[in-house]
Amino acid sequence: MDTKRLIAALALSLVVLFGWTYLFPGPKPAPTAAQPAAKTEQQSAASVAPATAASASAAMPGHAVTISTPLFNARFNTQGGVLESFVLQNFHETIEPDSEKIDVIGQSARDKAALGLMILPEGAEVHSWNTPGWTSDAADATLTGNEKKTLVFTGEAAGLKIVRRLTVSADSYLVTEETTFTNEGATPVSGRVAYNIASSGLSPKGEDKYNPTRVAFGRVKGGFEDHTNHSDLEKKGAASEGMVNWAAVESNYFLFAVMPESTSTLGTGLLKDGVFHVAASIPATFEPGQAKTLKTSYFMGPADRAILANMPNKLSQAVDFGWFHLIAVPMLSVLNWFYAYVHNYGVAIILLTMLIKLIFWPLSHKSYKSMDQMKRIQPMIQKLREKHADDKETMNKEIMALYKTYKVNPAGGCLPMVVQIPVFFGLYKALLGSIELRHATFITHLPFTHFIWLADLSAKDPYYITPLIMGATMFVQQKMTPTGGDPTQAKIMLLMPVVFTFLFLHFPAGLVVYWLVNNVLSITQQWWMMRGNRKAA
695 MDTKRLIAAL ALSLVVLFGW TYLFPGPKPA PTAAQPAAKT EQQSAASVAP ATAASASAAM
755 PGHAVTISTP LFNARFNTQG GVLESFVLQN FHETIEPDSE KIDVIGQSAR DKAALGLMIL
815 PEGAEVHSWN TPGWTSDAAD ATLTGNEKKT LVFTGEAAGL KIVRRLTVSA DSYLVTEETT
875 FTNEGATPVS GRVAYNIASS GLSPKGEDKY NPTRVAFGRV KGGFEDHTNH SDLEKKGAAS
935 EGMVNWAAVE SNYFLFAVMP ESTSTLGTGL LKDGVFHVAA SIPATFEPGQ AKTLKTSYFM
995 GPADRAILAN MPNKLSQAVD FGWFHLIAVP MLSVLNWFYA YVHNYGVAII LLTMLIKLIF
1055 WPLSHKSYKS MDQMKRIQPM IQKLREKHAD DKETMNKEIM ALYKTYKVNP AGGCLPMVVQ
1115 IPVFFGLYKA LLGSIELRHA TFITHLPFTH FIWLADLSAK DPYYITPLIM GATMFVQQKM
1175 TPTGGDPTQA KIMLLMPVVF TFLFLHFPAG LVVYWLVNNV LSITQQWWMM RGNRKAA
């Protein structure tokens, strides 16, 4: 195997994997084939549901009903039972003491009919929150413990009498709904019913490169689907690839999802005027004189795996680490286990890094041993390169014969690293999307100063100290590692610390701490082995 090509490929792969989201927007979702009937329904929902929800006028006047619990403070409007705000009591925008609490709805989406209900008969659409005559006897309430409260909103739309029963709990971020439709007319009403959610965004403004607000769907047939390209969401919206269990607006740390009980749900989404609109629509037919009850639920809260595991409709799919999910989840479990003892996620990351390094110690040892062997025969390789500079074929044959004579595997120093790459990226994905690290403190103040430093492991290092040190450790590693005597290979490898330092400048501090500690441990191990080899020699 050509060592130069292998190392160059690894280096470029690392740059692409780490730098892609920094340099380029997310890819457009690829269309998939579907059954003709399902495809027609999907296109209909995509062209109607999100667009009408986004363009709807503000709801007619009603009065506010406020529900306060230890987890959230919710404000409903009696006109249609829409939600005007949903403030999370235990989560703030920033680490500042006076920082505002997270509002899942947001000010700009306050009048965009979050939890609004749309009736979509054939060839028409009716926004229930804009029809007059809604009534409710709901009143403000404060809930504690495991208390529940059901809010009832009654109105009419599309020739149907509608009774919405929304139940909130003091100990859960889940809001459940039972909606009873009664057709008091003489003709059937057939079409779709759409449940809408709206949010101003769930990421810090201007700092969402690694934490974008996105539209996401959990498919019934398995799989997680998200749409992160805001330009596409503005221009043409998004439609689920088939039936879904849930539809949501989400970020790395927070989630606003709608989950109809129906297994024939289609999801659509749109970004308009800075507001994310998502609709989950289901087919429904209401015969004359018939009363039919449909069920759905909403989740508005942190994207916490333990909490989502107990939610309906497989909502746990919403926390997805892609290809590295099977690696990332166990690592987060170990990270939380360490945290339970040290009560500092920065220290927990260091301990986890040390554990990973210990597990891979034999592979790393083999890698360093192979590199040391390569270093020993470098003078002979260089002579062969000079001797056969004009005959590449002969030069390669002579070098391969040299490897065989001294029983050296030119790829021996790289292959053990290849095995470790999935683990490194699994931890990368885990730390990037773990709510545990949001506002988690490592070293609050820069030593001997009052300047706030690593007080939030989900944010970048404000003074770029850790990424610069990380880059320096990468440079030391490159200088300690033989490059096969090839000038091109040497230049590529020496360029890597610069590229990685640039990329890591804006990475969450938790990721930088992990990579920095891993580099320091690698340097220590390599130095220890080289020292032992010198003594043996």
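Residue 750 in this note's numbering sits at position 56 of the sequence shown, and the numbers go up by one each step.
Note that beta-carbon positions come from the ideal geometry of N, C-alpha and C, so glycine has one too.
Given the structure is predicted, the values throughout are model-derived calculations rather than measurements.
Per DSSP, Arg1070 has no beta bridge partner at all.
Check the Cα spacing between Met994 and each of Val1211, Ser863, Glu794: the tightest is with Ser863. Residue range 938-944 is occupied by the beta strand (DSSP E) that includes Trp940. Shown here, Ser893 sits in a strand according to DSSP, grouped into three states. Sixteen is the threshold: since fewer than 16 other Cβ atoms of the shown chains lie within 10 Å of the Cβ of Glu1087, the residue is exposed.
If you look at His1037, you'll find it isn't in any alpha helix (DSSP H); DSSP assigns it neither H nor E. For a cut-off of 8 Å, the C-beta gap from Thr1195 to Met1174 is around 18 Å, too long to register as a contact. Here the C-alpha atom of Val798 lies approximately 17 Å from the C-alpha atom of Asp865. Separation of His1144 and Ser1128 (C-alpha to C-alpha, rounded to the nearest whole angstrom) is 28 Å.
Under the DSSP definition of a beta bridge, Met994 partners with Phe950. Annotation for Arg769: the continuous beta strand (DSSP E) segment containing it runs 766-771. Around the CB of Pro1141, fewer than 16 other CB atoms lie within 10 Å, so the residue is classed as exposed. For Arg859, the enclosing beta strand (DSSP E) starts and ends at 854-863.
Taking C-alpha positions only, Glu778 is separated from Asn890 by approximately 13 Å.
With a threshold of 16 other beta carbon atoms within 10 Å, Arg1225 falls short and is exposed. Residue state for Leu845 is assigned as strand, using DSSP reduced to three classes. Within the model, the alpha-carbon separation for Asn939 versus Ala1166 is close to 47 Å. In the DSSP assignment, Ala978 falls within the unbroken beta strand (DSSP E) covering 969-980.
Boundaries of the alpha helix (DSSP H) around Thr1160: 1159-1174.
Sequence-distant Cβ neighbours of Glu816 in its own chain, meaning closer than 8 Å and more than five residues away, are Ser884, Gly885.
Annotation for Asn1038: no residue places its beta carbon closer than 6 Å to its own, counting only its chain and skipping 5 residues before and after.
Under the criterion of beta carbons closer than 8 Å, Val969 and Val909 do not qualify as touching, at roughly 12 Å. The alpha carbon of Met1068 has as its nearest neighbour, out of Ile1093, Leu1189, Ala803, Tyr904, the alpha carbon of Ile1093. Put simply, the region 1047-1056 does not touch the region 1148-1163. Fewer than three CB pairs are less than 8 Å apart.
Secondary structure note for Thr870: its beta strand (DSSP E) is the uninterrupted segment 868-877.
Here Ile1093 carries a helix assignment [DSSP, helix/strand/coil]. Taking the Cβ atoms as the reference, Val1117 lies roughly 6 Å from Ile1021, within the contact range of under 8 Å. Relative to the Cα of Lys929, the nearest Cα in the group Leu965, Asp920, Tyr947, His921 belongs to Leu965. In the structure shown, Phe1136 adopts coil according to DSSP, grouped into three states. Taking C-beta separations shorter than 7 Å and ignoring five residues to either side along the sequence, the partners of Ile789 in its chain run His1133, Ala1149, Asp1150, following chain order. With respect to Leu1046, Val1023 sits apart: the two C-beta atoms are not nearer than 8 Å.
As computed with DSSP, His921 is found in a beta bridge with Val909. Residue pairing by DSSP places Lys989 opposite Glu872 in a beta bridge. Counting along the chain, Ile799 sits inside no alpha helix (DSSP H), nor does DSSP assign it H or E at all.
In the DSSP assignment, Ile1001 falls within the alpha helix (DSSP H) that extends over 999-1002. For Asn784, the enclosing beta strand (DSSP E) has its first and last residue at 776-786.
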